[in-house]
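From first to last, the protein sequence lines are chains A and B. Numbered per the numbering used here, the first sequence spans residues 193 to 307. Numbered per the numbering used here, the second sequence spans residues -13 to 101. Cβ atoms here follow ideal geometry from the backbone N, Cα and C, with glycine treated the same way. Since the structure is predicted, the reported quantities are computational estimates derived from the model, not experimental observations. In what follows, a structure is listed as structure tokens, so that the remarks can point back to it.
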Amino acid sequence: DTGVSQDPRHKITKRGQNVTFRCDPISEHNRLYWYRQTLGQGPEFLTYFQNEAQLEKSRLLSDRFSAERPKGSFSTLEIQRTEQGDSAMYLCASSLVGQLGETQYFGPGTRLLVL
Amino acid sequence: AQTVTQSQPEMSVQEAETVTLSCTYDTSESDYYLFWYKQPPSRQMILVIRQEAYKQQNATENRFSVNFQKAAKSFSLKISDSQLGDAAMYFCAYRSGDSGYALNFGKGTSLLVTP
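Here it is as structure tokens:
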């Protein structure tokens, strides 16, 4: 049973560039979540999918951010025209609908640095 | 929106001793879940323990236990027989049982374990 994986683990980019991150959830999990974590803070919710449907987006998810989960398996998070304020750890998590408490299992994260 | 407060930015404990990390939350809901997650330095977040609000019995997982006081909206984590490997950031998190699946995290408590 493999856990949640994320790629890349680290990304350095210049302001104004676009970046895309990938998340592969635990294979049987049908919910997938994206969070952002800045230094010294707890993770903040961005969005989540149930299968391929994006069901909730937070106010943190500006128009420059877009997430997809085209076949209900892996997901991508794209940030367009990156800004220095986008520098953070981007965490992905997955869970199984109907599991008691529906615990979310986290991946190792993608650390983004915008220069 | 529900808020989660961890009032101890840092805590220190000696190996083999017991330490308690505090967490309070604000909600008007009756159905919800509470979690403690551990995030070691440069490593991924892992679940420590989960508590369902409808359960009166406090959850326990080996050396980890919680003191869940629903009326006081308090959810503290007790770590017994502390080990060097327990050193990490600990995050308390809340999830609604009625509206949405996003986790709301506190700012975390950094636990130092000294030999």
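Residues of chain A with CB closer than 9 Å to the CB of B:G86, please, in chain order.
Counted from its first residue, the second sequence places residue 86 of chain B at position 100. Neighbours of B:G86 on chain A, chain order: F237, Y240, L247 and E248.
Taking C-beta pairs closer than 7 Å, name the residues in chain A that B:Q0 reaches, listed in chain order.
Taking the second sequence and counting its residues from 1, one reaches residue 0 of chain B at position 14. Here the premise fails: no neighbours, minimum Cβ distance about 25 Å.
When the distance is taken between beta carbons, is A:R228 closer than 9 Å to A:Y282?
Position 90 of the first sequence, counting from 1, holds the residue named residue 282 of chain A. Position 36 of the first sequence, counting from 1, holds the residue named residue 228 of chain A. Yes, they are a contact pair.
So is A:Q291 buried or exposed if we call it buried at 16+ other beta carbons inside 10 Å?
In the first sequence, the residue the question calls residue 291 of chain A occupies position 99. By the neighbour-count rule (16 or more Cβ atoms within 10 Å), A:Q291 is not buried but exposed.
A:E220 and A:L288 - do their beta-carbons sit closer together than 9 Å?
Mapped onto the first sequence, residue 288 of chain A falls at position 96. Mapped onto the first sequence, residue 220 of chain A falls at position 28. Contact flag set, yes.
Between the segment 193 to 213 of chain A and the segment 46 to 57 of chain B, do at least 3 Cβ pairs fall closer than 8 Å?
no
Tell me which same chain residues have a C-beta within less than 8 Å of the C-beta of A:L247, skipping the five on either side of it?
In the first sequence, counting from the first residue as 1, residue 247 of chain A sits at position 55. Closer than 8 Å at the Cβ level, and outside the excluded window around A:L247, lie Y240 and F241.
Residues sharing a beta bridge with B:A45, DSSP:
Residue 45 of chain B sits at position 59 when you count from the first residue of the second sequence. Answer by DSSP bridge pairing: none, since B:A45 is not bridged.
Please list, in chain order, the chain A residues whose beta carbon lies closer than 8 Å to that of B:G92.
The residue given as residue 92 of chain B occupies position 106 in the second sequence. Residues of chain A passing the Cβ test: G234.
Closer than 9 Å at the beta carbon, the chain A residues around B:Y19:
Within the second sequence, residue 19 of chain B is the residue found at index 33, counting from 1. Within chain A, the residues near B:Y19 are G293, E294 and T295.
Using a Cβ-Cβ distance cut-off of 9 Å, determine whether A:L304 contacts chain B.
Against the first sequence, residue 304 of chain A aligns to sequence position 112. Not one chain B Cβ lies under 9 Å of A:L304.
List, in order along the chain, the chain B residues whose C-beta lies closer than 7 Å to that of A:G299?
Here the question's residue 299 of chain A lines up with position 107 in the first sequence. Neighbours of A:G299 on chain B, chain order: Q30.
8 Å contact criterion, which B:S68 and B:T4 should meet: CB distance rounded:
The sequence position of residue 68 of chain B within the second sequence is 82, counting from 1. The sequence position of residue 4 of chain B within the second sequence is 18, counting from 1. Right, the Cβ-Cβ distance comes to about 7 Å (below 8 Å), so this counts as a contact.
Could you round the C-beta distance between B:V(-10) and B:Y80 to whole angstroms and report it? I think they count as a contact, below 8 Å.
The residue given as residue -10 of chain B occupies position 4 in the second sequence. The residue given as residue 80 of chain B occupies position 94 in the second sequence. About 5 Å; that satisfies the 8 Å criterion.
Cβ of A:A280 within 9 Å of any chain B Cβ:
The residue labelled residue 280 of chain A in the question sits at position 88 within the first sequence. Not one chain B Cβ lies under 9 Å of A:A280.
Taking A:R223 as the query, report the chain B residues whose CB atoms sit under 8 Å from its CB, ordered along the chain.
As a first step, residue 223 of chain A must be located in the first sequence, where it is residue number 31. Here the neighbours are Y87.
From A:Q272 to A:V211, what distance separates their C-alpha atoms?
In the first sequence, counting from the first residue as 1, residue 272 of chain A sits at position 80. In the first sequence, counting from the first residue as 1, residue 211 of chain A sits at position 19. Approximately 7 Å, taken between the alpha carbons.
Give me the Cα-Cα distance between B:D17 and B:G86, rounded to the nearest whole angstrom.
Against the second sequence, residue 17 of chain B aligns to sequence position 31. Against the second sequence, residue 86 of chain B aligns to sequence position 100. The alpha-carbon atoms of B:D17 and B:G86 are separated by roughly 12 Å.
Hey, could you find the ends of the beta strand (DSSP E) B:N53 is sitting in?
Here residue 53 of chain B refers to the residue found at position 67 when the second sequence is read from its first residue. Taken as a continuous stretch (DSSP letters only), the beta strand (DSSP E) holding B:N53 covers F50 to Q55.
Anything in chain A within Cβ reach of B:E38, meaning under 8 Å, just list it in chain order.
Translated into the one-based positions of the second sequence, residue 38 of chain B becomes position 52. Result: L292 and G293.
Which of helix, strand or coil does DSSP assign to B:E3?
Reading the second sequence from its first residue, position 17 is the one you call residue 3 of chain B. Here B:E3 sits in coil by DSSP.
Between which residues of its own chain and A:E294 is the CB-CB distance below 6 Å, once the five residues before and five after are set aside?
Taking the first residue of the first sequence as position 1, residue 294 of chain A is located at position 102. For A:E294, where only same-chain residues beyond five positions count, the Cβ hits under 6 Å are S287.
Can you name, in chain order, every residue of its own chain whose Cβ lies under 6 Å from the Cβ of B:S96, other than the five neighbours on each side?
As a position in the second sequence, residue 96 of chain B is number 110, starting the count at 1. Answer for B:S96: E(-4) and M75, listed in chain order.
How close, in whole Å, do the beta carbons of B:S23 and B:V34 come, if the pair is a contact with beta carbons under 8 Å?
By 1-based counting over the second sequence, the position of residue 23 of chain B is 37. By 1-based counting over the second sequence, the position of residue 34 of chain B is 48. The amino acid at residue 23 of chain B is misidentified as Ser; the sequence shows Tyr. At roughly 6 Å, the Cβ-Cβ gap stays under 8 Å, so B:Y23 and B:V34 are in contact.
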